[in-house]
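Sequential numbering from 1 applies to the sequence shown in full-length UniProt numbering. Heads up, the thing below is written out as structure tokens.
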Amino acid sequence: MDQDTDHAEYALGQNRFLVVDIEAGLIDPPLRETMARQHFLHLPSPARYLVDFMRVSCQQGSVSAELVTQWAPLLCASLMAHHTGQDDGRLASLMRAIEVNPGGIWTTAVMARLAGVSPSRLHVLFRERTGLTPRAWVNAERIRQLRLWMNETSEPLAALALRAGFCDQRAMTRAFQRETGMTPGAFRRASS
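Given below as structure tokens:
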């Protein structure tokens, strides 16, 4: 570390820091402002992988100027993609997949993996975009689809419950009533 350069952080013991001097032109102004305000920056998964790669490279003594020249723009691009909302494209793709297959096994872990983000980031993205948690949005989407199916088919409610991803008709009825204020049977009768 350059002793003549001031840094905002220091550590004692086994802590490690990776200090990266990046040309200002590689980072868009809003992200530069965020980085100047925050001592700690959330690292999206791609950036974490790049930092881990550099950590291992440093430990192995295999860091060259050429490696850093190739690595730094990738780090900047991953930070900017996260900061500028390109996560929204992945979230939109995930939401479309759920709309097409509401009965799928949509755990937070599965959704996060498909969106390419951490489970905590997935929660943030869903809250920002929909005002709901991922689980609440999936349930609302299942209910939306159930309403369409009940209007379009005479398929038994128990079969629709399984098709929509509920473990049984009772679970579907509770979720449906919580969302709409009506039981599925009452909704179907009112719609016909």
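Think of the CB as a built atom: it goes at the ideal place given N, C-alpha and C, for glycine as much as any other residue. Just so we're clear, the structure is a prediction, and the values are computed from it rather than from any experiment.
### Message
In chain order, what are the residue ranges of uninterrupted alpha helix (DSSP H) at least 4 long that sit wholly in the stretch 157-192?
### Response
157-163, 169-180 and 184-191
inquiry  = Suppose contacts are defined by Cβ-Cβ distances below 8 angstroms. Is residue 119 in contact with residue 112 by that definition?
reply    = Going by C-beta atoms, residue 119 is nearer than 8 angstroms to residue 112.
I'd like to know if residue 27 contacts chain B, where contact means its C-beta is closer than 8 angstroms to some C-beta of that chain. Any reference to chain B falls outside this structure, which holds one protein chain only.
Check your understanding: When DSSP labels each residue in this structure, what does residue 101 get in the three-state scheme?
Key -> coil
task = Could you tell me if residue 167 is buried or exposed, where buried requires 16 or more neighbouring beta carbons within 10 angstroms of its beta carbon?
result = Residue 167 sits exposed, since fewer than 16 C-beta atoms from the chains shown fall within 10 Å of its C-beta.
Boundaries of the alpha helix (DSSP H) in which residue 27 is found, first to last residue:
Premise fails: residue 27 is in no alpha helix (DSSP H) and is neither H nor E.
Would you give the residue range spanned by the alpha helix (DSSP H) that residue 130 belongs to? 119-130
* Asked: CB residue 97 to CB residue 78, shorter than 8 angstroms?
  -> no
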